[in-house]
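Residue numbers (my numbering), protein chains in the order written: chain A, 2 to 402; chain B, 2 to 402. Ideal Cβ placement from N, Cα and C applies to all residues, glycine included. To keep things clear, I will list the structure first and then write my remarks on it.
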């Protein structure tokens, strides 16, 4: 089945008619439908499917004559709430298409080729990005996993159990020698360079930081302005400070999620909880950025009579992808692919951090918009991505010792 | 049953062990339990209970010799989320206690005395404060009531139907000549004057205004700061502007409720919806305040590349309580009660606006905190409130023609 046909099959799954965005929450019905589609696509191609307890899947092609640890590609199938179609599924669909292309060429890789689908990459449900790949490489303690809850307060183990899944250790990646993930670009670098495909050099360090600002609930009408301890004001100043600090330093800082208690129109809030997503080119700059935001927020809290505490929820260090691999992927017969850094976390970053030689391919996104319905890649660009991926997989299977 | 005993009975109903606040959502289980308590308290006293279709109740005492239209007191039994114990129930409990006191004195009012409990005064569930009293006086169109939904999206008629209630027109107040509502003070005026009880002169005009700020959802990592259209920044500046405008003018402005879409930590939001509660001493000042906040928010929206629209959801005009009644209530044998304005909406305001001569008594709140667990009145002050209310009821029943 060609790339375009697979893409059409997935297009309606989890799409909201109201927003045009995708709601493919980890372990939700749309994401489970995509997981079932993954199994069907693998079965159609005669691949051997392996799952680990948490729900990650790898479909292996072990052609006669192939030997040794395998070459893995793939991505994830979940989305952020009202996200785009491409973030995740593009890598999975393109992996199947690359395998089809290799077979169509009559080529036989020297090593097994695997296609992976990792669960809960976005962290939209349980708050921890790359949950599935972290579990697969053993980078997530069972005690931590047991504590994770979704927004409805349901613990991860309960959600897993509902789907016949659990937290047994994963051996899924034991036979993986190298990993390459294809992904839609989430910025405009390739568009500005007028290049359809690029190679990743690494991932900026980044983290999620929970800001809890406590004030005093009170009547919105009768409480004089000067008698208030309003955490909304502290939050507002903190959000503006984060934006300014990131602008000044060329970093990224975003408050995209806010909970207000009690959340009543006619009550001064008692508490605002807000999550900062912060990223910078190096770890020192990231630490300085978060510190500056916390300091400015705390200064405002002093004036508002509120209290601010900041808790890092997850911090991912700088990821450097394998430089030799990147150079090899960039050297294409049609011309050298650009090599660029990304500010987005990926399962590839988790595997690289775990010591698996890893590379990433990016496909051009005309507007750079992602995590939104407008996220997009031209089919022609996607097909060039499939070619680059097929060559990368064959090349890696050949050169690895 | 004395005031203190009634108070003890109500204390545990709807109280959250986690926050210490009350969750007496309109038509929720705690509020329904309080409604059942109201009926029991009325039956114990041999009162005649009337309900209207929407669930408002009046318990009438029509002693032999009384005649003509009645004197009504009472308040409401619902609370804001995690609100205090006093806002509403103090007026209802004190009404029963005042009736008991009148009977204990052996006094017989010249007119029937009624005790009211109005539903959904806070507007916390359906977004429209004083829903019950508005319905009772015919100030809420059925078409509007049919459109009201709670946060879960359940229409008001469905919630009513669940409890055997509905939207038939109310005749509950047809026989009411005058209304007096006793309420805990929601500011610190009485505390500062060292007075246990006061009389209301009127209610500031006030309103709820929905600010919808639309931007562009995008990836929180890969989207350069200068490429964003982030509605959270526009909201933050709007919230700070509202606070500053209210401070400068001696008004009130509060953002206590915010919804963020998609609400994901790693996505720049596509939309922020926030509700402004604004109040001022007169209608012109209120209009100016809201206009200034909207203008400053829109200016920031221009810089953020977002779009801001403001929609008034409910605006209540200035309420002037009957000045003669207020003077009469203020003249107490123990000394003159202070007369003060309030910034809070009340069922009394709705009845006054509908043309029923109306007064309010306030009981001192030491810290002024309300709509929060710390809302408080001393029992000694509450009992002085009961005395003032009993005298007011007898006095009105006597002087009315």
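Please confirm whether residue i and residue j have their CB atoms less than 8 Å apart.
{"i": "residue 240 of chain B", "j": "residue 297 of chain B", "result": "no"}
{"i": "residue 141 of chain A", "j": "residue 90 of chain A", "result": "no"}
{"i": "residue 345 of chain A", "j": "residue 368 of chain B", "result": "no"}
{"i": "residue 226 of chain B", "j": "residue 247 of chain A", "result": "yes"}
{"i": "residue 206 of chain A", "j": "residue 302 of chain A", "result": "no"}
{"i": "residue 57 of chain A", "j": "residue 117 of chain A", "result": "yes"}
{"i": "residue 295 of chain A", "j": "residue 318 of chain A", "result": "no"}
{"i": "residue 110 of chain B", "j": "residue 72 of chain B", "result": "yes"}
{"i": "residue 76 of chain B", "j": "residue 112 of chain B", "result": "no"}
{"i": "residue 209 of chain A", "j": "residue 266 of chain B", "result": "yes"}
{"i": "residue 24 of chain B", "j": "residue 31 of chain B", "result": "yes"}
{"i": "residue 54 of chain B", "j": "residue 395 of chain B", "result": "no"}
{"i": "residue 149 of chain B", "j": "residue 128 of chain B", "result": "yes"}
Quick one: which chain A residues come within Cβ less than 8 Å of residue i?
{"i": "residue 278 of chain B", "result": "221, 222, 266 and 267"}
{"i": "residue 316 of chain B", "result": "Neighbours of residue 316 of chain B on chain A: none; closest Cβ ~13 Å, over 8 Å."}
{"i": "residue 30 of chain B", "result": "Here the premise fails: no neighbours, minimum Cβ distance about 18 Å."}
{"i": "residue 228 of chain B", "result": "189 and 369"}
Within a Cβ cutoff of 8 Å, which residues of the same chain sit near residue i, ignoring the five residues on either side of it in sequence?
{"i": "residue 339 of chain A", "result": "190, 191, 194, 196, 199, 200 and 331"}
{"i": "residue 102 of chain B", "result": "387, 388 and 391"}
{"i": "residue 270 of chain A", "result": "216, 218, 231, 232, 233, 261, 262, 263 and 264"}
{"i": "residue 370 of chain A", "result": "85, 376 and 377"}
{"i": "residue 293 of chain A", "result": "242 and 246"}
{"i": "residue 158 of chain B", "result": "146, 147, 167 and 168"}
With distances taken Cα to Cα, identify the nearest neighbour of residue i among the options.
{"i": "residue 132 of chain B", "options": "B:171, B:114, B:272 and B:98", "result": "B:171"}
{"i": "residue 233 of chain A", "options": "A:263, A:18, A:377 and A:290", "result": "A:263"}
{"i": "residue 36 of chain B", "options": "B:22, B:19, B:21 and B:15", "result": "B:15"}
{"i": "residue 97 of chain B", "options": "B:61, B:86 and B:130", "result": "B:61"}
{"i": "residue 84 of chain B", "options": "A:278, A:220 and A:327", "result": "A:220"}
{"i": "residue 324 of chain A", "options": "A:38, A:341 and A:336", "result": "A:341"}
{"i": "residue 145 of chain A", "options": "A:380, A:25 and A:315", "result": "A:315"}
{"i": "residue 286 of chain B", "options": "B:111, B:155 and B:252", "result": "B:252"}
{"i": "residue 333 of chain A", "options": "A:393, A:277 and A:373", "result": "A:393"}
{"i": "residue 355 of chain A", "options": "A:137, A:74, A:123 and A:30", "result": "A:137"}
{"i": "residue 372 of chain A", "options": "A:169, A:155 and A:184", "result": "A:184"}
{"i": "residue 2 of chain A", "options": "A:33, A:44 and A:188", "result": "A:44"}
{"i": "residue 181 of chain B", "options": "B:238, B:272, B:348 and B:104", "result": "B:348"}
Hey, is residue i's beta-carbon within less than 8 Å of any beta-carbon in chain B?
{"i": "residue 238 of chain A", "result": "yes"}
{"i": "residue 187 of chain A", "result": "yes"}
{"i": "residue 241 of chain A", "result": "yes"}
{"i": "residue 348 of chain A", "result": "no"}
{"i": "residue 232 of chain A", "result": "no"}
{"i": "residue 9 of chain A", "result": "no"}
{"i": "residue 145 of chain A", "result": "no"}
{"i": "residue 130 of chain A", "result": "yes"}
How about residue i: is its C-beta nearer than 8 Å to some C-beta of chain A?
{"i": "residue 16 of chain B", "result": "no"}
{"i": "residue 1 of chain B", "result": "Residue 1 of chain B is absent from the model: chain B starts at 2 and stops at 402."}
{"i": "residue 302 of chain B", "result": "no"}
{"i": "residue 215 of chain B", "result": "no"}
{"i": "residue 244 of chain B", "result": "yes"}
{"i": "residue 259 of chain B", "result": "yes"}
{"i": "residue 141 of chain B", "result": "no"}
{"i": "residue 248 of chain B", "result": "yes"}
{"i": "residue 299 of chain B", "result": "no"}
{"i": "residue 402 of chain B", "result": "Unreliable placement is indicated for residue 402 of chain B, whose pLDDT of 42 sits below 50; no coordinate value is reported for it."}
{"i": "residue 395 of chain B", "result": "no"}
{"i": "residue 369 of chain B", "result": "yes"}
{"i": "residue 21 of chain B", "result": "no"}
For residue i, I'd like the list of residues in its chain whose CB is within less than 6 Å of its CB, leaving aside the five on either flank, ordered along the chain.
{"i": "residue 27 of chain B", "result": "79, 120, 121 and 126"}
{"i": "residue 275 of chain A", "result": "212, 236, 256 and 259"}
{"i": "residue 382 of chain A", "result": "197, 364 and 365"}
{"i": "residue 350 of chain A", "result": "204 and 320"}
{"i": "residue 160 of chain A", "result": "28"}
{"i": "residue 42 of chain A", "result": "97"}
{"i": "residue 59 of chain B", "result": "51, 115, 117 and 173"}
{"i": "residue 397 of chain A", "result": "72 and 179"}
Can you pull the chain A residues whose beta carbon is under 9 Å from the beta carbon of residue i, in chain order?
{"i": "residue 83 of chain B", "result": "218, 262, 263, 265, 268 and 271"}
Output needed for residue i: all residues of its chain with C-beta closer than 7 Å, excluding positions within five of it in sequence on either side, in chain order.
{"i": "residue 245 of chain B", "result": "none"}
{"i": "residue 1 of chain A", "result": "The question about residue 1 of chain A has no answer, for chain A in this structure spans 2 to 402."}
Interface residues of chain B around residue i at Cβ under 8 Å?
{"i": "residue 356 of chain A", "result": "Those within 8 Å of residue 356 of chain A in chain B number zero; the least Cβ separation is about 24 Å."}
{"i": "residue 256 of chain A", "result": "233"}
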